[in-house]
Amino acid sequence: MDLSRREFVQSAAAVGAGLLVASRGLAQAPAAAAGDVIEVALLGAGTQGRVLMNDCLGIPGVRVRAVCDIWSYSQRYASRSLKSQYKRAGHADWAEAVATYDDYRVMLEKEPDLDAVIVATPDFWHAEHSIACLKAGKHVYCEKEMTNDLATAAAMVKASAEAGRLLQIGHQRRSNPIYQQALKMLREDRICGRLTTCYGQWNRGVQPKLTWPQEFEIPAETLKAYGFESMEHFRNWRWYRRYSAGPIADLGSHQIDIFSWFLGADPRRVMAMGDTDYFTDREWHSDVLCTYEYKTAEGSARAFYQVLNTNSYGHYFERFAGDGGALTLSEDPRKCYYVPEPGKELPGYLASVEKVVHDGVETVPLLPAIAGLGAEGKAAVEAFQNRNVHQLHLENFFAAVRAGDKALLACPGEEAYRTAVAVLKVIPAIEAGGGVPFTPADFQA
Ligand SMILES: NC(=O)c1ccc[n+]([C@@H]2O[C@H](COP(=O)([O-])OP(=O)(O)OC[C@H]3O[C@@H](n4cnc5c(N)ncnc54)[C@H](O)[C@@H]3O)[C@@H](O)[C@H]2O)c1
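Last residue of the sequence shown: 440 (this note's numbering), numbering continuous.
The structure is reproduced here in structure tokens:
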């Protein structure tokens, strides 16, 4: 790679990051030339890593040149797929050059020309991986949940600032143009009036534990060296306390993130309940119900959130309700709709859309309404319908890297840190109990 170009991308980012500290969104570092290729490595090539890798293939000017994973199964699967896709796309030289690594330290040493690393390892590795990559001068796109504890999440933010490199966290709804348009409709058109209540859920049915092909069993000493107690823990890390903060972080973090974003406030209080008795072979709460309280610019608001692993009805969505109406959003386009309060006067782009009955209620479907907003609305709907939701967030990250401008990031580390605070506090809230207890005697007349 052309060294002067690399130095340019790096110094541009450093300048952008430095400027941000003083004034987010002000003067920009000059953009890298459009033809420059951003050289990327994938660290953690499991289910989500491969989704992100494939999404990178659809982004012009981005090349995935290395795959790092401790599991030969993931490493081979991802690197073979990458090579064949590059060959098919006419990049035989890129296919030839795809490098594979087991250990991220070796990769960082052998690949000094990398511009960015995508971290998609289990959550308990995020901080170590992200911080090492930032310190090595790479920009980092790290999957959510940022980390399992706030001290290491803060260390990630600090490492990004000190290295002058960008850190984006994978709360991809922040780059979703439907969510962005919806927020404008709430704030500028006030379609729900004063927001008083948010509701969110991620309901999924009982899922068996993940297994693995016996021929790809990792030796016990290798598992131990990378912090895993057993192959079963390695595959099902989400359910164990030492690797993950459980379903509330795994699934809830996406949606609790949206509550704060849309309300423009961090929560002031959380109350929560969760169970650990449904599954006898897992450590984390399978089902969690929690309530947040916020103080917004307009007054108080509350959010109710639930994550279920025992029933899938309704799947996942977020709802924002106020004295003017209720807006439901989801990464599933069928669940994006608006219901006005009786008598609410609607702006033309909502009034003119043909209503759709959803769960027995007449609703205004959001996508045709947004498409009616003109060129920007049409582009938002087209992007949402034609691109994977993760690709949109990666595109945002690479645009910020290319411009050397942290202010462009849809979910910089600082923002994700606030979400991590809101999410991770649910666990002590469950453990503290709280509420008003009942005794059997209370129910005797
Ligand atoms: N943004 C989203 O919507 C979304 C969706 C799914 C998962 N995720 C996140 O993506 C991350 C990965 O999740 P997943 O479902 O792909 O998990 P996974 O278990 O399928 O994949 C993890 C991969 O990391 C590898 N790995 C583990 N420790 C490693 C280490 N020290 N160095 C290198 N490789 C290592 C494993 O071998 C495996 O291939 C998690 O943080 C998860 O929360 C985000």
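Glycine residues also receive a C-beta, built at the ideal position from the N, C-alpha and C atoms.
Residue i CB to nearest heavy atom of ligand 1 below 6 Å
i: Pro117; result: yes
i: Gly188; result: no
i: Thr42; result: yes
i: Gly165; result: yes
i: Ser67; result: no
i: Gly195; result: no
i: Leu120; result: Note that residue 120 is Trp in the sequence shown, not Leu. Within the cutoff, so yes.
i: Gly39; result: yes
i: Tyr221; result: yes
i: Asp64; result: yes
i: Glu227; result: no
i: Glu224; result: no
i: Glu138; result: yes
Assumed close pair residue i, residue j - CB separation to whole angstroms, cut-off 8 Å
i: Cys331; j: Leu362; result: 6 Å
i: Ala415; j: Glu140; result: 7 Å
i: Val396; j: Leu103; result: With a Cβ gap of about 17 Å, Val396 and Leu103 do not count as contacting.
i: Glu278; j: Trp232; result: That belief does not hold up - the Cβ atoms of Glu278 and Trp232 are roughly 11 Å apart, past 8 Å.
i: Gln70; j: Ala92; result: Gln70 to Ala92, Cβ: 16 Å. No contact.
i: Lys350; j: Gly319; result: Not quite, the Cβ-Cβ distance comes to about 17 Å (not below 8 Å), so this is no contact.
Inter-residue Cα distance where the pair is residue i and residue j
i: Ala87; j: Tyr221; result: 34 Å
i: Pro342; j: Thr323; result: 18 Å
i: Thr206; j: Glu227; result: 7 Å
i: Phe392; j: Arg413; result: 19 Å
i: Val46; j: Asp282; result: 27 Å
i: Asp245; j: Ser239; result: 8 Å
i: His280; j: Tyr287; result: 18 Å
i: Ala442; j: Ser79; result: The chain is shown from -4 up to 440; residue 442 falls before or after that span and cannot be answered.
i: Pro423; j: Asn143; result: 13 Å
i: Pro25; j: Val57; result: The predicted model places Pro25 with a pLDDT of 36, which falls under 50 and marks its position as unreliable, so this point remains unresolved.
i: Asp98; j: Cys63; result: 7 Å
i: Ser225; j: Tyr72; result: 22 Å
i: Glu212; j: Asp272; result: 30 Å
i: Gly367; j: Leu37; result: 39 Å
i: Glu409; j: Ala127; result: 18 Å
i: Gln23; j: Leu303; result: Unreliable placement is indicated for Gln23, whose pLDDT of 32 sits below 50; no coordinate value is reported for it.
i: Thr275; j: Pro242; result: 16 Å
CB contact below 7 Å: residue i versus chain B
i: Ser125; result: Included in the structure is just one protein chain, with no chain B present.
Beta-bridge pairing of residue i - partner residues as DSSP gives them
i: Leu303; result: Asn198
i: Lys290; result: Ser295
i: Asp113; result: One point to set straight first is that residue 113 is Ile, not Asp, in the sequence displayed. Leu37 and Tyr136.
i: Thr465; result: Given a span of -4 to 440 for the chain in the structure shown, any question on residue 465 remains unanswerable.
i: Leu284; result: Met268 and Gln301
i: Pro262; result: Tyr289
Q: Evaluate contact between the stretch 267 to 282 and the stretch 415 to 430, counting only Cβ atoms and requiring at least three cross-stretch pairs below 8 Å.
A: yes
Q. Three or more C-beta pairs closer than 8 Å, one from the stretch 144 to 161 and one from the stretch 249 to 258: is that the case here?
A. no
Q.
Check whether the stretch 195 to 211 and the stretch 338 to 357 are in contact - that is, three or more C-beta pairs closer than 8 Å.
A. no
Q) Can at least three beta-carbon pairs, one atom from the stretch 366 to 377 and one from the stretch 123 to 138, be found at a separation below 8 Å? A) no
Q.
Count Cβ pairs between the stretch 163 to 171 and the stretch 381 to 390 that sit closer than 8 Å; are there 3 or more?
A. yes
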